[in-house]
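What follows is a set of notes on a single structure, which appears directly below.
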Amino acid sequence: MYTLRTLPGDDVRQIMWRFSDRFDLQMSVQSARAIARGVVARLVADGARNTHEWTDQKNELLIAFDQSGLTALFMDPHQGGFIEGPKNLALALVAFELSWVDAGAATCSLASNLALAPIHEKGTPEQRDFYMAKCVPPQPGEDREIWRGAFALTEPLPYVGVDTGVLCGKATVAEWQDGQEPVLQIDKRGRFITNMDFANFVTAAVESADERIKGSFMVILEDTDEGLFDRGAPTLKMVHQLSSTRDPVLNLKVPASRIIGGYEVVDGVIVPKYNHSEIIGAVFHRTRIPVGLMSSAKLLSAVEPVIRYHRNRFRGGDSCKEGSPRFDKGIQINEDALQRLIDVWASGEAGCSLAFAASRLADAFDPVEKAKEAHFEAQGVTGPRKQMAALRAIGDQVKECIDLEYAPAAERDQARLDALKADTLVQYASMEALAGVLNPGVKLWNTGVGATMMREAVALVGGYGITEDCPGFLMQKWADTQLEATYEGPEAVQRRHLTLTMTSEVFQATMSAWVRQMQRAGRDVPGLGGFVLASAMELWQWTLNHLQNATDDEGRKLFHNKRQGVTFPMADALGWLLGPYFLACDVMELIEKGPMSPTLADGIDDLTGFYKDICHVQAARAAGEVARICTELVYGYNECKCSAPSALPGDHGDCCRDELPEFRALKARIDMCMAGSRKARDRAGNALIEVMIPEALDYPMG
Amino acid sequence: MSELHIVVCGSIVPDPLQTLAPMEGPTGWALKNEMMLPAVLDPWAGHALYEAAALAKKHPGSRVWLVSLAPKAKLQQVMMAVSQKAPFELVVADGPASGFTDSFETARVLAGAIKGIAGLDTGKLLLFGGWQSASRGSGAVMQMVGEMLGVTEQFQGVDKLTLRDDGSMEVKERVEGGAYQISVVSGAPAVFGWATGELPEPPNNPQIGMQNMQKNMPALMQAKPADLSGSGLKLSAVAVPQQRRETRVVKDVPVDDMAREIVEWLKA
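Chains as they are written, first to last, in our numbering: chain A, 22 to 723; chain B, 1037 to 1304.
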């Protein structure tokens, strides 16, 4: 038995999320937290969310972001920023802190970065330096206005939304004189465009409506360009009201040099270097991670106000005398309240572990992706097909690298691993496959399941939960999760993405390595839930393989791109596995590094005991979901063969499905590996009775 | 007076929103779960630091040091926020920051750390600190540090310090009854125990933070354990006041709201 002494603080998070040696990130966390629990919380408490308009009051947010360095976070030091190298983890940490209070504020903070992202990822060096520098707040002594941007992809129905391939935004050649740069006429209508109230420029996706321009592209539009820059009507959204959203109408003349990434003129045709899909792919590869993280941050933020509410629930009443259990513990005398909060907490932890792992991977992947591009260019391997073939040819090395990477350090051939990791293409293939799963996985699971769990948090505060002045703004947070599940690609888009990436041989090799890793964790770290997680992963892998080869009674393939009744649940099941896997990794990191921290060493066994239980709870929950989904899919597409009405269910020989004993064995293993998981939930719940929490929330109520 | 050498003494305290419970451990009295509680820069020391930074900014070539007796791991966490607010050089003595340490020993350690600062010109020294502390508030440490350094011009409860062209300084100190006393001191060195001062907390500036931490991380990493062994102080019992707390703990309430609430309370 252990005692959870305090709620986990920065020292715990820095170890688990691997930024204890990054003071640049730790400072960003502090900056974001000060704004979140100051300006942002005050705005929410004052009811600033209760209007669709962008008000002066809301504008305080932008000033706060500028003053505290958050606006410049996205930039490189030579552009006026202060963090060198990739910034995905930094942006994720800021999103975590802001959405702890209000996710709309987090969206507002990220939206300018989203506008800059196409320029950052694929823009020409001149475009990059010009716009990034413009978006840095003026330094002391500088007299200039800061620029802000908006990212315009989404269009009025029935155009771009779920299907990003169809555009109604058009580009034509307005003027093109000999020897001069062409001038383009851009006609773009946007919908749900964030930052539109104050954007000085828009990065817009358009498609050619002129035979002198090839395909689609993204282009930079400025508010001073010739033509119509109508910011449009405010979007009447019910959520994320601390971000500006409007439906703009843009019809502008711009020089062709504004095409993001540049262009060439080939036989009298303007050929953009990148089509809009390539740019969007590069952008969304990363920006979906913080969105998923927002929902999970809110779950963790709910823990403290719910505990305080539960403890104080009966105080002040005639029947509740000081010193009595009802006075001291309030609703915490009931284990249901404790354990349901543990479920919320465990979901939040799992989602955060997953999202931060994805952010770290994105940071590591950035330079590798650039090195891969340079490598292929030097080798003359151009075009996606040739590159795919080159990557396929090194498949065995990639799998070997993955096997070695996840093997125990003492047992592996380190020299061989180092050699493989020094190979750019091997690294690229391995990381790309993993990022292809983690990025949509974060967005899908964290927001989808997060919305359900956030509702649970609201329910734990009873009627108070649905009021505007509920401590911790739980109702607003719950409502906001629906937008997080929707924008930057709703759940169906993420499931479709996963359908394509989760079957890759490289990812399957990674999953097999995870199974072995979690089996070792089950043995070496008792109580973590490693065995149950490994068993669930094995069942998922077996089921995926089975579904790819099996047919229904009509002979139709089960796993097929068009058969979303099969593919999408498998994506959901994978989402359930990702969170507890990365949480388990983070808890093991805490077990290893925590004792070395002077601030944690004293209570480290208690702390890790609690975290192991939290992980076990989530692993068991995930395993249950995976087992349910896999069973429905494996059995559900074949009719029951029981012919005798009096036969017991499953009793008839025809129902035995002789080809599935392995599935039944794997499933039975999950069942048995659930051992101890409910005791873990008991223990973790009991820990909430004693945990020391502050006397008041550190941000105001409504 | 052109260049100033301002040394600010300040440590950390648990976040004021936390419940604090004294408990006796193997090394004496401490707060329950003290190392695991979030901490902040002692607010009184914070006022002193921000006033120091503002003065230094007005006098080019000036330097500011923050001398802190605190558990260095906890101090490092606090520095992630504080170091973004003003440029300073950190001097660390690794030791307890709780209010249970002997004031004399604390002063001795701080004085020793200040004497060890390379490049400090005591002729230009303005010794800043809080006139109180949010940990226990003996109100004695700054006076003793000054004495140990031979600085006998001392002012406590300072809310404003104005440097004149001739090098003298006008000091506005709090005295009883809500009144102020204005004094003039001919010049450095002098001790100033700050009350709240007149400056707001500066906003975070990560550029300053990066510059500070690049210099100050080595100071944190290399900080030596403070020798507090000379104390004869023994606390036989420690307890929080038994008076029931009626305070409502809130944060970031606008001044208008506070004033309105006080008026309503008075009327009632």
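Virtual Cβ for every residue (Gly too), placed ideally from N, Cα, C.
Problem set entry | Residues near Trp168/A in its chain [Cβ-Cβ closer than 8 Å; skip 5 each side] | The residue you call residue 168/A lines up with position 147 of the first sequence. Answer for Trp168/A: Tyr152, Lys155, Cys156, Asn221, Phe222, listed in chain order.
Exercise. If Met695/A and Val463/A are in contact, beta carbons under 8 Å, what's the gap, nearest whole angstrom?
Worked result: As a working mapping, residue 695/A is identified with position 674 in the first sequence. As a working mapping, residue 463/A is identified with position 442 in the first sequence. Contact flag wrong, Cβ pair sits at about 26 Å.
For this session: Would you check if there are 3 or more beta carbon pairs closer than 8 Å linking the segment 425 to 442 of chain A to the segment 551 to 566 of chain A?
Result: no
Exercise. Going by the CB atoms, is the gap between Gly170/A and Thr92/A shorter than 8 Å?
Worked result: Counted from its first residue, the first sequence places residue 92/A at position 71. Counted from its first residue, the first sequence places residue 170/A at position 149. In this structure, Gly170/A does not lie closer than 8 Å to Thr92/A by Cβ.
Exercise. Which partner residues of His1041/B appear in the DSSP bridge assignment?
Worked result: Numbered from 1 along the second sequence, position 5 holds the residue referred to as residue 1041/B. Arg1099/B, Leu1161/B.
Problem set entry | Span separating the alpha-carbon of Ile650/A from that of Phe580/A | Residue 650/A sits at position 629 when you count from the first residue of the first sequence. Residue 580/A sits at position 559 when you count from the first residue of the first sequence. C-alpha separation (whole angstroms): 14 Å.
Exercise. So, are the CB atoms of Lys274/A and Gln206/A less than 8 Å apart?
Worked result: For the purposes of this step, residue 274/A is taken as residue 253 along the first sequence, with counting starting at 1. For the purposes of this step, residue 206/A is taken as residue 185 along the first sequence, with counting starting at 1. Contact: yes.
Exercise. Excluding five sequence neighbours on each side, which residues of the same chain lie with their C-beta closer than 7 Å to the C-beta of Gly469/A?
Worked result: As a working mapping, residue 469/A is identified with position 448 in the first sequence. Counting only Cβ-Cβ distances below 7 Å, and skipping sequence neighbours, we find Ala506, Glu512.
Exercise. Going by the CB atoms, is the gap between Met713/A and Asp490/A shorter than 8 Å?
Worked result: Against the first sequence, residue 490/A aligns to sequence position 469. Against the first sequence, residue 713/A aligns to sequence position 692. No, these two residues do not count as a Cβ contact at 8 Å.
Problem set entry | Inter-stretch contact at 8 Å, needing at least 3 Cβ pairs: the segment 1133 to 1143 of chain B / the segment 1179 to 1187 of chain B | yes
Problem set entry | CA-to-CA distance, Glu105/A to Ile1048/B, given in whole angstroms | Numbered from 1 along the second sequence, position 12 holds the residue referred to as residue 1048/B. Numbered from 1 along the first sequence, position 84 holds the residue referred to as residue 105/A. Looking at the two C-alpha atoms, the distance is approximately 30 Å.
Exercise. Are the C-beta atoms of Gly30/A and some chain B residue less than 8 Å apart?
Worked result: Residue 30/A sits at position 9 when you count from the first residue of the first sequence. For Gly30/A, the answer is yes, since a Cβ of chain B falls inside 8 Å of its Cβ.
Problem set entry | Per-residue contacts from Asp1051/B into chain A (C-beta, under 8 Å) | Here residue 1051/B corresponds to residue number 15 of the second sequence, with the count starting at 1. Residues of chain A passing the Cβ test: Pro715, Asp719.
For this session: Within the same chain, show all residues whose beta-carbon is closer than 6 Å to that of Ala1170/B, passing over the 5 residues directly before and after it, in chain order.
Result: Counting from one through the second sequence, the residue named residue 1170/B turns up at place 134. Only Val1049, Asp1078, Pro1079 meet the Cβ criterion.
For this session: Spell out a yes or no on whether the segment 681 to 699 of chain A and the segment 594 to 610 of chain A are touching, meaning 3 or more CB-CB pairs, one atom from each, closer than 8 Å.
Result: no
Problem set entry | Pairwise C-alpha distance: Ser237/A and Ala16/A | With chain A represented from 22 up to 723, any question about residue 16/A goes unanswered, as that position is not in the structure.
For this session: Confirm, please, whether the CB-CB distance from Leu321/A to Trp1/A is below 8 Å.
Result: Coverage of chain A is limited to positions 22 through 723, which leaves residue 1/A absent and any answer about it impossible.
Problem set entry | Cβ of Ala542/A within 8 Å of any chain B Cβ | Walking along the first sequence from the start, residue 542/A turns up at place 521. No, Ala542/A does not count as interfacial toward chain B.
For this session: Have a look at the DSSP bridge pairing and note the partners of Ser1219/B.
Result: By one-based count along the second sequence, residue 1219/B stands at place 183. In the DSSP output, where bridge partners are listed per residue, Ser1219/B has Val1207/B.
For this session: Go through the segment 25 to 66 of chain A residue by residue and report every complete run of the alpha helix (DSSP H) that reaches 4 residues or more, in order.
Result: 31 to 37, 44 to 56, 62 to 66
Problem set entry | Met1294/B at chain A interface by Cβ criterion, 8 Å | Numbered from its first residue, the second sequence carries residue 1294/B at position 258. By this cut-off, Met1294/B is not an interface position.
Exercise. Per DSSP, Asp208/A forms a beta bridge with which residues?
Worked result: In the first sequence, the residue the question calls residue 208/A occupies position 187. Bridge partners of Asp208/A: Lys191/A, Asn272/A.
Exercise. Given Gln448/A, which residues of its chain have a CB within under 7 Å of its CB, disregarding the five upstream and five downstream residues?
Worked result: As a working mapping, residue 448/A is identified with position 427 in the first sequence. Correct list, in chain order: Val389, Lys442.
Exercise. With 16 as the cutoff for other CB atoms within 10 Å, does Leu178/A come out buried or exposed?
Worked result: For the purposes of this step, residue 178/A is identified with residue 157 of the first sequence, where counting begins at 1. So Leu178/A counts as exposed.
Exercise. On the three-state DSSP scale, how would you describe Phe1124/B?
Worked result: Within the second sequence, residue 1124/B is the residue found at index 88, counting from 1. Three-state DSSP puts Phe1124/B in coil, outside helix and strand.
Exercise. If you draw a straight line from the alpha carbon of Leu1162/B to that of His1041/B, how long is it in whole angstroms?
Worked result: Taking the first residue of the second sequence as position 1, residue 1162/B is located at position 126. Taking the first residue of the second sequence as position 1, residue 1041/B is located at position 5. Roughly 6 Å between the two C-alpha positions.
For this session: Ignore the nearest five residues each way along the sequence and tell me which others in Tyr776/A's own chain have a CB closer than 7 Å to its CB.
Result: No answer is possible for residue 776/A: it lies beyond the span of chain A, which begins at 22 and ends at 723.
Exercise. In this structure, does DSSP put Tyr284/A in helix, strand or coil?
Worked result: Indexing the first sequence from 1 puts residue 284/A at position 263. DSSP places Tyr284/A in strand when its eight states are reduced to three.
Problem set entry | Within chain A, partners of Lys1287/B - CB distance below 9 Å | Stepping through the second sequence from its first residue, residue 1287/B is reached at position 251. The answer, in chain order, is Arg58, Gly59, Ala62, Ala717, Leu718, Asp719, Tyr720, Pro721.
For this session: List the DSSP bridge partners of Trp1065/B.
Result: Translated into the one-based positions of the second sequence, residue 1065/B becomes position 29. BP columns for Trp1065/B point to Glu1060/B.
Exercise. My guess is that Ala640/A and Pro601/A are in contact by the Cβ rule of under 8 Å, so how many angstroms apart are they, rounded?
Worked result: Residue 640/A sits at position 619 when you count from the first residue of the first sequence. Residue 601/A sits at position 580 when you count from the first residue of the first sequence. Going by Cβ atoms, the distance from Ala640/A to Pro601/A rounds to 4 Å, so yes, they are a contact pair.
Exercise. Ser49/A and Pro1239/B: beta carbons closer than 8 Å?
Worked result: For the purposes of this step, residue 49/A is taken as residue 28 along the first sequence, with counting starting at 1. For the purposes of this step, residue 1239/B is taken as residue 203 along the second sequence, with counting starting at 1. In this structure, Pro1239/B does not lie closer than 8 Å to Ser49/A by Cβ.
Exercise. Should the segment 397 to 416 of chain A be called in touch with the segment 480 to 490 of chain A, which here means at least 3 C-beta pairs below 8 Å?
Worked result: no
For this session: Run down chain A in chain order and give the residues with a C-beta less than 9 Å from the C-beta of Lys1110/B.
Result: Taking the first residue of the second sequence as 1, we reach residue 1110/B at position 74. Those within 9 Å of Lys1110/B in chain A are Asp32, Pro619, Thr620.
For this session: Could you spell out where the alpha helix (DSSP H) holding Gly1245/B opens and where it closes?
Result: Residue 1245/B sits at position 209 when you count from the first residue of the second sequence. Run containing Gly1245/B: 1242 to 1257, per the alpha helix (DSSP H) assignment.
Exercise. Among residues of its own chain, excluding the 5 on either side of Asn460/A, which ones have a beta-carbon nearer than 7 Å to its beta-carbon?
Worked result: Translated into positions along the first sequence, residue 460/A becomes position 439. His306, Arg309, Ile310, Ala379, listed in sequence order.
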